[in-house]
Amino acid sequence: MPADARYPSDLLYHPEHDWVRLDGDLATFGVTWFAQDSLGELVFFDPPAVGSRVAKDDGYAELESVKAVSDVIAPLSGEIVEVNERLAEQPDLVNSSPYDDGWLVRVRVSDRAEADALLDAEAYRELLP
Amino acid sequence: MRTTSLHARHLAAGARLVPFAGWEMPVQYAGIRAEHRAVRSGIGVFDVSHMGEIETRGAGAAALLQRILSNDVEKLAVGGAQYSVLCKPDGGVLDDLFTYRLEERRFLTVTNAANHAKDLAWFRGQAASFADVEVVDRAEDYAMLAVQGPEARPLVARLLDAGQELPERFRTAELTVAGAPALVCGTGYTGEDGVELLLAPAAAPAVWDELLRGGATPAGLGARDTLRLEVCFHLYGNDLSESRGPIEAGLGWCCKEATGFVGADAVAAVRAAGPAETLVPFTLTGPGIARQGDAVRGGGEVTSGTLSPSLGIGIGMAYLPTERAVAGAPFEIDVRGKTRPAVVAEKPIYRPETTR
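For the record, the sequence lines run as chains A and B. Just so we're aligned: 312 in our numbering is position 124 of the first sequence, and the numbers increase by one with no gaps anywhere. Just so we're aligned: 400 in our numbering is position 306 of the second sequence, and the numbers increase by one with no gaps anywhere.
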């Protein structure tokens with residue numbers, strides 16, 4: 189079942205439709221409701237390797253719907269410490285639960301100050317059509 | 095952006111509309127996979143009114159079509175349907191087409207939307223050297239609905255006027271569907287049983303409503319693509335182009351060079367010598383989805399690729415060097431920098447139950 193449109197206020201947002209949940213220097217990344225809705229039913233998540241490094245604003249993974257493939261952009265820089273293994277079997281968790289069960293990766297962030305450039309939920313919503 | 099006469103119905107059904115060949119068309123409603131399953135197990139209805147129609151009529155109509163279509167038009171009986179390609183003199187494919195013989199001297203050819211203007215100019219240019227033939231653009235006169243799936247024919251049959259019967263596969267008949275005059279064709283692009291309806295645009299919304307009331311699921315171009323790819327039907331612009339010939343595309347069966355059609359000499363030469371590359375269906379043997387334009391390691395390219403909703407794996411079609419285009423042969427695809435193993439499949443990749 190598709191989730192309803194929402195943008196939780198406890199998350200930070202990147203304009204490329206990614207969210208981050210920060211807990212100390214550990215961050216969880218995912219894509220927003222708008223992103224999953226635009227992509228349609230997701231059928232494949234190609235995760236990065238645990239231990240690899242991601243750079244803010246660069247692609248770090250691919251999400252594929254039946255029709256198309258989309259790069260997922262890192263909202264912060266750091267090192268991948270965990271990937272959501274459930275998505276290998278159930279990539280559509282990103283559709284049904286984009287902020288909870290459909291998280292993509294956990295990252296040890298290298299520069300927390302980068303988070304200052306991210307958006308709060310209200311500012312992100314204003315970017316949406 | 096042009097819209098079809100069903101635009102308001104698409105909005106009401108929750109369609110996601112996308113630009114396609116100058117038209118705003120539904121890519122999906124509830125979701126590609128659900129629509130795909132509806133067609134494989136029940137009934138789906140597609141608005142394909144963006145497709146064009148060319149009518150060729152007159153005493154010279156059959157001779158003109160025999161000159162430009164690759165198949166043997168003499169074998170096309172009144173009430174019949176025939177698939178062919180339209181070739182340039184060098185054998186490159188201008189379009190792939192279904193032609194219906196409505197009367198002895200009247201034919202209707204369905205074109206791909208993106209190619210319609212080009213095809214029409216080609217028909218007219220070739221017609222100049224034939225007597226007694228008229229080429230008429232009928233694209234504005236027809237909406238087109240494809241009703242497909244194992245339950246599709248019984249549903250449409252219930253909507254016919256009393257005493258009327260649906261045409262068999264690859265046959266066509268002028269009937270009345272839900273009160274609207276329609277050219278009903280036993281053709282489709284999904285591998286399932288079904289019909290295609292050509293009817294006046296103004297009549298299409300009421301017929302659409304009756305089909306939905308009868309249990310048809312609205313299906314978009316997304317599902318149309320996954321359905322056709324599972325059964326290895328070609329898509330012009332992906333698997334066919336002006337720089338590829340019909341033999342390498344596996345369409346030699348619809349080319350009858352003895353008729354002397356435009357491009358026949360080039361096609362005969364490739365048939366005799368063997369094409370350098372051959373289009374094959376494939377499945378990925380690991381994770382991932384190959385897409386149009388992905389390179390094959392060692393030569394060749396993917397021309398269509400998607401996730402098969404029926405099989406749950408990446409599938410597609412690719413041109414491979416002919417010596418490697420053998421069912422069961424493994425090969426590798428560069429999918430955005432990652433090497434994905436694949437294997438040449440048998441046609442069709444998925445075998446629908448209703449047309450087995």
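Beta carbons are placed, not taken as given, at the ideal position from N, Cα and C, and that holds for glycine. Since this is a predicted model, take the numbers as computed values, not measurements.
As a quick exercise: from L316/A, V282/A, E302/A, E314/A, pick the residue whose alpha carbon is nearest that of A243/A.
Closest option to A243/A, Cα to Cα, is E302/A.
Distance, A358/B Cα to C349/B Cα
8 Å
Whether or not the region 131-144 of chain B and the region 213-224 of chain B are in contact is what I'm after, with contact meaning three or more pairs of Cβ atoms, one per stretch, closer than 8 Å; do they touch?
Contact between the region 213-224 of chain B and the region 131-144 of chain B is absent: fewer than three C-beta pairs spanning the two stretches fall below 8 Å.
Tell me whether R194/A sits in a helix, a strand or coil according to DSSP, three-state version.
coil
Have a look at the DSSP bridge pairing and note the partners of V207/A.
Val is not the amino acid found at residue 207/A; the sequence shown has Trp there. Paired residues: Y201/A, G218/A.
Which same chain residues, not among the five before or five after P286/A, have their C-beta less than 7 Å away from its C-beta?
A191, G218, V219, T220, W221, Q224
How many angstroms separate the CA atom of R450/B from the CA atom of P244/B?
Unreliable placement is indicated for R450/B, whose pLDDT of 48 sits below 50; no coordinate value is reported for it.
Three-state secondary structure (DSSP) of S284/A:
helix
Could you confirm whether any beta carbon from chain B is found closer than 8 Å to the beta carbon of V254/A?
yes
Under the assumption that N206/B contacts Y330/B (Cβ atoms under 8 Å), give the Cβ distance between them as a whole number of angstroms.
5 Å
Out of curiosity, what's the CA-to-CA distance linking R96/B and A237/A?
46 Å
Give every residue of the same chain whose Cβ lies closer than 6 Å to the Cβ of S197/A, excluding the five residues on either side of it in the sequence, and list them in chain order.
Contacts found: A309.
Suppose you measure from the CA of G339/B to the CA of L163/B; what does that come to, to the nearest Å?
14 Å
On the criterion of 16 or more Cβ atoms from any shown chain inside 10 Å, does E440/B qualify as buried, or is it exposed?
exposed
Identify every residue that forms a DSSP beta bridge with E197/B.
R200/B
Own chain, CB closer than 7 Å to D234/A, minus 5 neighbours either side, in chain order
A249, E250
Could you check whether the Cβ of F222/A sits closer than 8 Å to any Cβ belonging to chain E?
No chain E appears in this structure, whose protein chains are A and B.
Note down, in chain order, every chain A residue with its Cβ under 9 Å from the Cβ of P312/B.
Close to P312/B, with beta-carbon spacing below 9 Å, lies no residue of chain A; the smallest spacing is near 16 Å.
So with CB distances below 8 Å, who are the chain B contacts of E277/A?
Chain B residues near E277/A: none, gap ~11 Å exceeds 8 Å.
For the region 391-416 of chain B, list every residue whose C-beta sits within 9 Å of some C-beta in chain A, in sequence order.
T400, L401, P403, G406, G408
Stretch-stretch touch, CB-based, cutoff 8 Å, three pairs: the region 305-317 of chain B with the region 198-218 of chain A:
In short, these stretches do not touch, since the Cβ pair count stays below three.
Below 8 Å on C-beta distance, what does V257/A contact in chain B?
I383, R385, R430
At a CB distance below 9 Å, what residues from the region 122-147 of chain B approach chain A? Give them in sequence order.
Q122, G125, I126, R127, A128, H130
Which same chain residues, not among the five before or five after A419/B, have their C-beta less than 7 Å away from its C-beta?
T372, V374, V438
Cα-Cα, which of I427/B, R127/B, L401/B is closest to G387/B?
Checked all of I427/B, R127/B, L401/B; the closest Cα to G387/B is I427/B.
Mind checking the region 198-230 of chain A against chain B and listing, in chain order, the residues whose C-beta falls within less than 8 Å of any C-beta there?
G228, E229
In angstroms, rounded to a whole number, what distance separates the CA positions of G273/B and V250/B?
12 Å
Could you tell me which chain B residues have their CB closer than 8 Å to the CB of D234/A, listed as they occur along the chain?
P381, G382, K432
At the level of alpha carbons, what is the spacing between G239/A and D211/A?
19 Å
Who are the neighbours of T320/B on chain A, taking C-beta pairs under 7 Å?
V254
CB contact flag (D280/A, L230/A, <8 Å)
yes
Use the C-beta contact count for T433/B: other C-beta atoms within 10 angstroms, 16 or more gives buried, fewer gives exposed.
exposed
Quick one: is I285/B near chain A, going by C-beta distance under 8 Å?
According to the sequence as given, residue 285/B is Gly; it is not Ile. It does not; no Cβ of chain A falls within 8 Å.
Does G331/B come within less than 8 Å of chain A when only Cβ atoms are used?
Not an interface residue.
Where do the ends of the alpha helix (DSSP H) carrying I493/B lie?
With chain B running from 95 to 450 in the structure shown, residue 493/B is simply not present.
Around the Cβ of R391/B, are there at least 16 other Cβ atoms within 10 angstroms (buried) or fewer (exposed)?
exposed
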